[in-house]
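Using this note's numbering, the letters of the sequence shown map in sequence onto residues 3 to 100. Below: the structure, in structure tokens.
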Amino acid sequence: MKKSMLFMLMTSFVYFSCEDDDAGASCQDLMTEMAAEPFVEQLGSLFTLTELPSDWKTNCEAYQAKMQELFDAGCYAPEDSVTQTSIDEVSELCDMEM
3 MKKSMLFMLM TSFVYFSCED DDAGASCQDL MTEMAAEPFV EQLGSLFTLT
53 ELPSDWKTNC EAYQAKMQEL FDAGCYAPED SVTQTSIDEV SELCDMEM
């Protein structure tokens, strides 16, 4: 159940909107970079894995850093419900073991 909840939380972060101001292009670039993170694919296959990839923690931490960068740049819209607490909670996923 914990894996399911974390999976849903993380996948929802991939789909966020950017504000329509001068920072929009920057937010779009950051969003594109985050979507290209290897962790996105790893997370998508979480339920089919029998063991975590050796680079799981590294990729997860890079993904979390991108989330933080987007948050700090003000790219998340209010309906995305992304808070500093939710970004900090991603570390649980990074430390997950099978």
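Note that the Cβ used here is the ideal one computed from N, Cα and C, for glycine as well.
Neighbourhood of residue i by C-beta distance below 6 Å, restricted to the same chain and skipping five residues each side
i, result
"Lys59", "Cys96"
"Tyr65", "Glu39 and Phe41"
"Met36", "Lys68"
"Leu51", "none"
N- and C-terminal bounds of the alpha helix (DSSP H) containing residue i
i, result
"Phe49", "Run containing Phe49: none; DSSP gives neither H nor E here."
"Tyr78", "No alpha helix (DSSP H) contains Tyr78, which DSSP labels as neither H nor E."
"Glu94", "Gln86 to Cys96"
Rounded straight-line distance, which links the Cα of residue j to that of residue i
i, j, result
"Phe73", "Cys29", "10 Å"
"Met100", "Glu53", "6 Å"
"Thr85", "Glu63", "17 Å"
Cβ shell of residue i (< 7 Å), same chain only, five flanking positions each side left out
i, result
"Pro55", "Gln44"
"Asn61", "Glu39, Pro40, Phe41 and Gln44"
Top-ranked residue by Cα proximity to residue i, from the options
i, options, result
"Met33", "Asp57, Cys62, Leu48 and Gln70", "Gln70"
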